[in-house]
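Below is one structure, written out as structure tokens, with a few remarks after it.
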Amino acid sequence: MFTPGFLFGALALLGMLSNSVETVNAQVPGNTIPPLSLDSALWIWTGEPPGIPGMRAFRKTLPEGRSRAVCVTFAIAADDAYTVWVNGVEIGDNIRKGGDPGGSAFRELDIYSVSLSHTKNVIAVNATNVVSVDGVILTGVVQYEDGSQVTFVTDASWLTAGNIPPPDRFQLIDFDDSNWAHVAIIGPVGTQPWGVLRFAPFTGKACGQSDQPVGPDGPYPLACPVLPPLPHGAKSPYWDLRHQVDCEVRRLEEALFLCQREKQALIDKLLRLFKEIGGTDFCQDIQCT
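According to mature numbering (1 follows the signal peptide of the UniProt record, and there is no 0), the sequence shown holds residues -26 to -1, 1 to 263 in order.
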């Protein structure tokens, strides 16, 4: 069943929506990405001597802001190859570029823009060295619901599993990296043998865009989050409905980027779910008819 705090938060969100659509849409636009800079980015690795082949794991918890993080945009390169995840979801790799010691994949940073829906957000990288020197470099910007943003780069704050293959599930948010070591710094942009770097053209979708149906003012919201299991294996006939309501509250937050008509449709759907769960008396209390 719903807790009073959950219901209060959901109802408060309904009241906020009418004043927020234009402002948030202007603060975190769905069709652009923020500028990226390599000025402070550093090449990092595990601290091993160069030239040892193998896969190595790296993690970075993204900086928190005054409000909820809604988007991360970042550019990454690795010598020789990388695969990158955000919050456990694989985002991309440079294997299509060859990712080999004779290629130039490490001279061109690939750009990704990823919507965020968690309180804690983690970037995880599986970097592979084939031969000779090895390194990972990344620069990024986190955007927040209040319109603020924070930059981050590969630096000494990143963690690594060291000179072992990436552990199972290391890319997940709740993976325990408390025993991991801080990375070793190789050098800034311009360090040899990598020299001058460049950004690849951004060909993906900026935060807020998706392949789902698009309304007159923008794309439809993100997919619903996964519902956690009931405690101790308990069962409840209301759990599926709770999942739907949790989902619609999340979609209402994303509806700040939508037009009034789409926003109202989501509100109506949430109220219908309230009716199913609370019955007539509940709906009279919140005036949802």
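We put the CB at the ideal spot given by N, CA and C, even for glycine.
Being a predicted model, the structure only gives us computed values, none of them experimental.
Alpha-carbon to alpha-carbon, residue j and residue i
i, j, result
"Gly28", "Cys181", "33 Å"
"Pro140", "Thr177", "29 Å"
"Phe173", "Ala49", "7 Å"
"Val88", "Thr102", "23 Å"
"Gly121", "Val46", "13 Å"
"Ile65", "Ile241", "31 Å"
"Pro37", "Asp151", "16 Å"
"Ser14", "Gln123", "16 Å"
"Gly164", "Asn95", "30 Å"
"Asp142", "Phe149", "9 Å"
"Ile26", "Val104", "8 Å"
"Ala55", "Pro167", "16 Å"
"Phe144", "Thr6", "31 Å"
"Arg30", "Val99", "8 Å"
8 Å contact criterion, which residue i and residue j should meet: CB distance rounded
i, j, result
"Ala51", "Phe80", "5 Å"
"Ser106", "Pro24", "7 Å"
"Asp60", "Ile97", "For clarity, residue 60 is Val in the given sequence; the question names Asp instead. At roughly 6 Å, the Cβ-Cβ gap stays under 8 Å, so Val60 and Ile97 are in contact."
6 Å CB neighbourhood of residue i in its chain, flanking five on each side removed
i, result
"Thr125", "Val115"
"Val157", "Ile18, Trp132, Thr134"
"Leu16", "Thr128, Asp129, Ile159, Pro162"
"Tyr118", "Gly39, Ser41, Ala43"
"Asp185", "Bear in mind that a pLDDT of 43 at Asp185, under 50, signals an unreliable position, so the number given afterwards is only what the model happens to contain. Answer for Asp185: no residue qualifies."
"Lys34", "Ile97, Trp132"
"Glu82", "Arg172, Ala174"
"Leu10", "Ala49, Thr113"
"Lys179", "none"
Cβ-based burial, residue i [other Cβ within 10 Å; buried from 16]
i, result
"Asn153", "exposed"
"Asn137", "exposed"
"Gly169", "exposed"
"Thr57", "buried"
"Asp84", "buried"
"Ile111", "buried"
"Arg70", "exposed"
"Asp67", "buried"
Extent of the continuous beta strand (DSSP E) run through residue i
i, result
"Lys34", "28 to 35"
"Asp84", "82 to 89"
"Trp17", "16 to 19"
"Trp59", "55 to 60"
"Asp67", "63 to 67"
"Gln166", "Segment: none, Gln166 is in no beta strand (DSSP E) and carries neither H nor E."
"Ala158", "158 to 162"
"Asn100", "96 to 103"
"Gln117", "109 to 118"
"Thr125", "123 to 127"
Proximal residues to residue i (C-beta, below 7 Å), its chain only, five neighbours per side dropped
i, result
"Asp108", "Trp19, Pro24, Asp53"
"Leu12", "Thr113, Val163, Leu171"
"Ile147", "Asn61, Gly62, His92, Lys94, Val96"
"Pro8", "Thr47, Val115, Gln117, Gln123"
"Gly21", "Ala158"
Beta-carbon proximity list for residue i, same chain, < 8 Å, skipping 5 on both sides
i, result
"Arg246", "none"
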